[in-house]
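For reference, the structure is listed below as structure tokens.
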Amino acid sequence: MPQLLIRGIKPEDVCEISKPLVEELAEICECETDNFMLECLHTTSIFDGKVVETFPFIEVVWFERGQAVRDQFAEAVTKHVRALDIPEVEVAFRVFREDSYYINGVCCL
Amino acid sequence: MPQLLIRGIKPEDVCEISKPLVEELAEICECETDNFMLECLHTTSIFDGKVVETFPFIEVVWFERGQAVRDQFAEAVTKHVRALDIPEVEVAFRVFREDSYYINGVCCL
Amino acid sequence: MPQLLIRGIKPEDVCEISKPLVEELAEICECETDNFMLECLHTTSIFDGKVVETFPFIEVVWFERGQAVRDQFAEAVTKHVRALDIPEVEVAFRVFREDSYYINGVCCL
Numbered sequence: 139m140p141q142l143l144i145r146g147i148k149p150e151d152v153c154e155i156s157k158p159l160v161e162e163l164a165e166i167c168e169c170e171t172d173n174f175m176l177e178c179l180h181t182t183s184i185f186d187g188k189v190v191e192t193f194p195f196i197e198v199v200w201f202e203r204g205q206a207v208r209d210q211f212a213e214a215v216t217k218h219v220r221a222l223d224i225p226e227v228e229v230a231f232r233v234f235r236e237d238s239y240y241i242n243g244v245c246c247l
Numbered sequence: 139m140p141q142l143l144i145r146g147i148k149p150e151d152v153c154e155i156s157k158p159l160v161e162e163l164a165e166i167c168e169c170e171t172d173n174f175m176l177e178c179l180h181t182t183s184i185f186d187g188k189v190v191e192t193f194p195f196i197e198v199v200w201f202e203r204g205q206a207v208r209d210q211f212a213e214a215v216t217k218h219v220r221a222l223d224i225p226e227v228e229v230a231f232r233v234f235r236e237d238s239y240y241i242n243g244v245c246c247l
Numbered sequence: 139m140p141q142l143l144i145r146g147i148k149p150e151d152v153c154e155i156s157k158p159l160v161e162e163l164a165e166i167c168e169c170e171t172d173n174f175m176l177e178c179l180h181t182t183s184i185f186d187g188k189v190v191e192t193f194p195f196i197e198v199v200w201f202e203r204g205q206a207v208r209d210q211f212a213e214a215v216t217k218h219v220r221a222l223d224i225p226e227v228e229v230a231f232r233v234f235r236e237d238s239y240y241i242n243g244v245c246c247l
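Protein chains in written order, with my numbering: chain C, 139 to 247; chain G, 139 to 247; chain S, 139 to 247.
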């Protein structure tokens, strides 16, 4: 269920790292690899009056797992993105609430 | 104002269910149908090294309405999506804060 | 770092206002103009069974700066958008947590 909402990195680049990245994240989270969603959002960025490349940014949306797991997760994501010769990337986490998440209509609470 | 940010379901499929869905949601929320925004986000999903279909996922962003309304809302969304022969869908809710929402520059607080 | 995630306003229109808007926001936030990300999300909106224009909506994602700064920020955004002959716009703020934000793998806490 952790979702990685990716901006500023091309889908073909994400394809390249997806397998080793997700394997490492699954180990960190102690869950199956098919729980992860890697999703590139289509966006157009603007700076100083013109269209520019989007800054590489990944929002991770998941249930709270605490600071230690979060640190490892961010480190793994950053490492794999940098392996693409992308020098800078920012990663932010946002939490779903269990009482506000429904799988096929059934609340996760 | 409830916004349904939809991923993994085609706009033409959303068109098909939008009318009965929004009518049911308006009843649940006791508000007008024109308060709702159904918006498909354009994304590209990746799994196991290749581009795949995006998993059907709807994020509802709104003001807090409590568990009972949330349960009914999620049930209605799920039911209408499944009517499209989409067997699985996940729905998550995120709340706006009234002190952080501005309509034409005026705070909703 | 404040991110403006923009829906329902065309990138070319955002280009037109981006310079004066970001200069004003940088003054309000007392930071550099290159901290800001203006990003148009590609979406398709649906109402009443058909595809419609997306309602102009801007989500600002940033670290908490308090009500006074938020009010000024929303007012500035609204003023510049309206200068494009867009009569209505809604602006909502969402906060990042410092313990959940990583720049090149390093937590902002």
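All C-beta atoms in this analysis are idealised placements derived from N, C-alpha and C, irrespective of residue type, glycine included. Note that the coordinates shown come from a computational prediction; the quantities given were computed from them, not determined experimentally.
- Message: Give me the chain G residues within the contact set of glutamate 236/C, using Cβ-Cβ distance strictly less than 8 angstroms, ordered along the chain.
- Response: Within chain G, no residue comes near glutamate 236/C; the closest Cβ sits about 10 angstroms away, beyond 8 angstroms.
- Nearest neighbour of phenylalanine 195/G, chosen from Leu179/G, Ile241/G, Val233/G [CA to CA]: Leu179/G
- Tell me whether the beta-carbon of glutamine 141/G lies closer than 8 angstroms to the beta-carbon of glutamate 177/G. yes
- Would a check of beta-carbon distances place glycine 146/C closer than 8 angstroms to chain G? no
- Task: Determine the direct distance from the alpha carbon of serine 238/C to that of cysteine 246/C, and round the result to whole angstroms.
- Result: 8 angstroms
- Going along the chain, which residues of the region 156 to 182 of chain G sit with their C-beta nearer than 7 angstroms to a C-beta in chain S? Ser156, Lys157, Met175, Leu176, Glu177, Cys178, Leu179, His180
- Decide if alanine 212/G is buried, meaning its Cβ has at least 16 other Cβ atoms within 10 Å, or exposed. buried
- Item | Helix, strand or coil at alanine 206/C [DSSP, three-state] | helix
- Task: Output the distance between the C-alpha atoms of methionine 175/S and asparagine 173/G, rounded to the nearest integer angstrom.
- Result: 28 angstroms
- Message: Counting only Cβ-Cβ distances shorter than 7 angstroms, please list the residues of the region 193 to 224 of chain S near chain G, keeping chain order.
- Response: Phe193, Gln205, Arg208, Asp209, Ala212, Glu213, Thr216
- Using a Cβ cut-off of 8 angstroms (strictly closer), state whether proline 140/G contacts chain S. no
- Query: Assuming valine 229/S contacts cysteine 153/G under a Cβ cut-off of 8 angstroms, what Cβ separation, rounded to an integer in Å, is found between them?
  - Reply: Not a contact, Cβ separation roughly 28 angstroms.
- Output yes if chain G places a C-beta closer than 8 angstroms to the C-beta of glycine 187/C; else output no. no
- Task: Under the assumption that arginine 232/C contacts glutamate 197/C (Cβ atoms under 8 angstroms), give the Cβ distance between them as a whole number of angstroms.
- Result: 6 angstroms
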